[in-house]
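**Q** From first to last, the protein sequence lines stand for chains A and B. Using the working numbering, the first residue of the first sequence is number 2, and each one after it goes up by one. Using the working numbering, the first residue of the second sequence is number 408, and each one after it goes up by one. Where is the CB? At the ideal position from N, CA and C, for every residue including glycine.
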Amino acid sequence: MSAPAVLAAATIPDAVTFALAAVICVVGALGVVLMRNPVHSALALVMTLFGVAVLFVEQDAQFLAAVQVIVYTGAIVVLFLFVIMLLGVDRRERVLADTFRGQRVVALVLGLMVLAEVVLLARTRWTTGAHAVAGPLDGPGSNVAKLGRSIFTTYLIPFEVTSALLVVAVVGAVVLARRPGLGEPSGEAPDEASGAFPVAPGAGAPGAGAPGSGAADAAGAGTAERTAGAGAGAGAEVTR
Amino acid sequence: MSVHASWYLTLAALLFTIGAVGLLVRRNVLVMFMCIELMLNAANLTFVTFARALNDIGGQVAVFFVLVVAAAEVVVGLGIIVAIFRRKVGATADDAHLLKG
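Written out as structure tokens, the structure reads:
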């Protein structure tokens, strides 16, 4: 099909909505990859997720759009930001530096190959003509009602298996987050000192993300200065 | 009548490609994780597009399950990242070579 025929099938508001949301999605995705600071990457990810939610609404998936905003931008990205702030990974990474020689070139070539393949598939025949098994999308009733009926009848067993997956994930997260040797009081102190809140200058202080490494270095230097000052003061106390 | 499905599929392909290239290029583990989320979202967009194109609610149900799996994956993955960072401060993906002989 030719592009004008495709565009003529859509109304003007729909086409404009699609174009705007597509631009938002692509800009956000590029931002995720190209931003140096992980916090900025997370915010760009929020942008992309909102664009995808708009596209969901555009395609009669209202419930999924709401869930997308609530779960993804409300829970998952916030979880990302929590981990970034907790670990203090605000040290900037040199995006353009290669680890291996030619790594970026190979990555770009592979990416273009993937793009070409998927676009080729998307532009050619992709339907088998088989009939729907889960129920039609249009018809009477709201989107939520149809989705809920399908989940709790046709897909009931996968839904129950999902609960087992969530339990396993929660238990796994708890096991991973446990400190090794928590029961032994001897192993606790050095682990506490070296592990959770590093004060190394390179790692930076938690939450000093936005200004970047300069601010982090300044914070580290400030801490060092303060400790040095305290040490000097203590020394003066001792000599006096 | 919304825009034809092939445009949505092309956009999803573009998002997936950006995510895949980002996963290959970046070395920060958290940003790599975000790129995985990007690819999952591209797949979700494809599912919703096919649900509309084929008039089948099953595509949206698939997106529902992908959301659940993505949430579980993020929880476990971030737990692993925190566990790695507890041992090595400021580690990138290249520093996590504990299994290398």
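#1: Name the chain B residues that come within less than 7 Å of G136(A), Cβ to Cβ?
#2: Using C-beta distances below 6 Å, list every residue in its chain close to V70(A), excluding the 5 sequence neighbours before and after it, in chain order.
#3: Is any heavy atom of the ligand COA found at a distance shorter than 6 Å from the C-beta of A174(A)?
#4: What does a CB cutoff of less than 7 Å around V47(A) pick up in its chain, not counting 5 residues either side in sequence?
#5: Please check the pair V68(A) and L474(B), which I expect to be a contact at CB under 8 Å, by giving their CB distance rounded to whole angstroms.
#6: If we define contact as Cβ-Cβ less than 7 Å, is I491(B) a contact residue for chain A?
#7: Are three or more beta carbon pairs between the stretch 12-28 of chain A and the stretch 418-431 of chain B nearer than 8 Å?
#8: Name the chain A residues whose beta carbon is nearer than 7 Å to that of L474(B)?
#9: With a Cβ-Cβ cutoff of 7 Å, do A108(A) and V436(B) count as a contact?
#10: Check whether the stretch 437-449 of chain B and the stretch 473-489 of chain B touch, using three or more Cβ-Cβ pairs below 8 Å as the test.
#11: Which residues in the same chain as V438(B) place their Cβ atom closer than 6 Å to its Cβ, once the five residues preceding and following it in sequence are excluded?
#12: For H41(A), report the span of its alpha helix (DSSP H) as first-last.
#13: At the 7 Å Cβ level, is M441(B) part of the contact set with chain A, yes or no?
#14: Whose C-beta lies closer than 8 Å to the C-beta of I488(B) among residues of the same chain, with five residues either side of it excluded?
#15: Kindly indicate which three-state DSSP category K147(A) falls into: helix, strand or coil?
#16: Examine chain A for any beta-carbon lying closer than 7 Å to the beta-carbon of L437(B), and answer yes or no.
#17: Among T453(B), C442(B), Q467(B), which has the Cα closest to the Cα of R150(A)?
#18: With 16 as the cutoff for other CB atoms within 10 Å, does H411(B) come out buried or exposed?
#19: Is the shortest distance between the beta-carbon of A427(B) and the beta-carbons of chain A less than 7 Å?
#20: Whose Cβ in chain B lies nearer than 7 Å to the Cβ of V124(A)?
#21: Return the chain-ordered list of same chain residues with a C-beta closer than 8 Å to the C-beta of L56(A), the five sequence neighbours on each side being excluded.
#22: Between the alpha carbons of A66(A) and I491(B), how many angstroms are there, rounded?
#23: Since V72(A) and A478(B) should fall inside the 8 Å C-beta cutoff, what is the C-beta to C-beta distance between them, to a whole number of angstroms?
#24: Does any residue of chain B bring its CB to less than 7 Å from the CB of T154(A)?
#25: Does DSSP classify A11(A) as helix, strand or coil?
#26: To the nearest angstrom, how far is the alpha carbon of L250(A) from that of R37(A)?
#27: Which word fits F83(A), buried or exposed, when buried means at least 16 other C-beta atoms lie within 10 angstroms of its C-beta?
#28: Could you check if T49(A) is buried or exposed, using at least 16 other CB atoms within 10 Å of its CB as the buried criterion?
#29: Would you please verify whether the beta carbon of P207(A) is less than 7 Å from any beta carbon of chain B?
#30: If you run the structure through DSSP and keep just helix, strand and coil, what is T125(A)?
#31: Between V28(A), A43(A), D61(A), which lies nearest to S143(A) when the distance is taken from Cα to Cα?
#32: Check whether chain A comes within 7 Å of L445(B), counting only Cβ atoms and requiring the distance to be less than that.
#33: So, are the CB atoms of L148(A) and A458(B) less than 7 Å apart?
**A** To lay it out plainly:
#1: Here the question's residue 136(A) lines up with position 135 in the first sequence. I464, listed in chain order.
#2: Against the first sequence, residue 70(A) aligns to sequence position 69. Same-chain partners within the cutoff: A54.
#3: Absence of the ligand COA is noted for the structure shown, with no ligands found whatsoever.
#4: Position 46 of the first sequence, counted from the first residue, corresponds to residue 47(A). T74, V78.
#5: As a working note, residue 68(A) is residue 67 in the first sequence. As a working note, residue 474(B) is residue 67 in the second sequence. The pair is a contact, with the Cβ atoms about 6 Å apart (cut-off 8 Å).
#6: Stepping through the second sequence from its first residue, residue 491(B) is reached at position 84. No, its Cβ sits nowhere closer than 7 Å to a Cβ of chain A.
#7: yes
#8: Numbered from 1 along the second sequence, position 67 holds the residue referred to as residue 474(B). Under the 7 Å cutoff, chain A gives V68, V72.
#9: As a working note, residue 108(A) is residue 107 in the first sequence. As a working note, residue 436(B) is residue 29 in the second sequence. Cβ atoms of A108(A) and V436(B): not closer than 7 Å.
#10: yes
#11: Start at 1 with the first residue of the second sequence, and residue 438(B) comes out as number 31. Cβ within range, chain order: n/a, list empty.
#12: Locating residue 41(A) in the first sequence gives position 40, where the first residue counts as 1. Counting along the chain, the alpha helix (DSSP H) containing H41(A) begins and ends at 39-59.
#13: One-based indexing of the second sequence puts residue 441(B) at position 34. It does: the Cβ of M441(B) has a partner Cβ on chain A nearer than 7 Å.
#14: Walking along the second sequence from the start, residue 488(B) turns up at place 81. Around I488(B): V436, L437, F440.
#15: What you label residue 147(A) is simply residue 146 of the first sequence in a count that begins at 1. Note: K147(A) maps to helix in three-state DSSP.
#16: As a first step, residue 437(B) is located in the second sequence; it is residue number 30 there, counting from the start. For L437(B), the answer is yes, since a Cβ of chain A falls inside 7 Å of its Cβ.
#17: Within the first sequence, numbered from 1, the residue matching residue 150(A) stands at position 149. Comparing Cα-Cα distances from R150(A) to each of T453(B), C442(B), Q467(B), the minimum goes to Q467(B).
#18: Numbered from its first residue, the second sequence carries residue 411(B) at position 4. Result: buried.
#19: As a working note, residue 427(B) is residue 20 in the second sequence. Judged by the 7 Å Cβ criterion, A427(B) is in contact with chain A.
#20: Numbered from 1 along the first sequence, position 123 holds the residue referred to as residue 124(A). Per the sequence shown, residue 124(A) should be read as Arg rather than Val. Ordered by position in chain B, the residues that pass the 7 Å Cβ test against R124(A) are S413.
#21: Looking up residue 56(A) in the first sequence gives position 55. So the list reads F19, A22, A23, C26, once near-sequence residues are dropped.
#22: In the first sequence, the residue the question calls residue 66(A) occupies position 65. In the second sequence, the residue the question calls residue 491(B) occupies position 84. Answer to the nearest angstrom: the Cα atoms are 34 Å apart.
#23: As a working mapping, residue 72(A) is identified with position 71 in the first sequence. As a working mapping, residue 478(B) is identified with position 71 in the second sequence. Going by Cβ atoms, the distance from V72(A) to A478(B) rounds to 6 Å, so yes, they are a contact pair.
#24: Within the first sequence, numbered from 1, the residue matching residue 154(A) stands at position 153. By this cut-off, T154(A) is not an interface position.
#25: For the purposes of this step, residue 11(A) is taken as residue 10 along the first sequence, with counting starting at 1. A11(A) falls in the coil class under three-state DSSP.
#26: Residue 250(A) lies beyond the range of chain A shown here (2 to 241); nothing can be said about it.
#27: Walking along the first sequence from the start, residue 83(A) turns up at place 82. Classification of F83(A): exposed, given that the 10 Å Cβ count is below 16.
#28: Numbered from 1 along the first sequence, position 48 holds the residue referred to as residue 49(A). T49(A) should be labelled buried.
#29: Position 206 of the first sequence, counted from the first residue, corresponds to residue 207(A). Any reading at P207(A) must be qualified, since the residue scores a pLDDT of 43, below 50, and its modelled position is unreliable; the value itself is stated next. No, P207(A) lies away from the interface with chain B (no Cβ there is under 7 Å from its Cβ).
#30: Numbered from its first residue, the first sequence carries residue 125(A) at position 124. T125(A): coil per DSSP, three-state reduction.
#31: Sequence index remark: in the first sequence, residue 143(A) carries index 142 (1-based). Here the closest residue by C-alpha is D61(A).
#32: Indexing the second sequence from 1 puts residue 445(B) at position 38. Closer than 7 Å: yes.
#33: Translated into positions along the first sequence, residue 148(A) becomes position 147. Translated into positions along the second sequence, residue 458(B) becomes position 51. No, the Cβ-Cβ distance between L148(A) and A458(B) is not below 7 Å.
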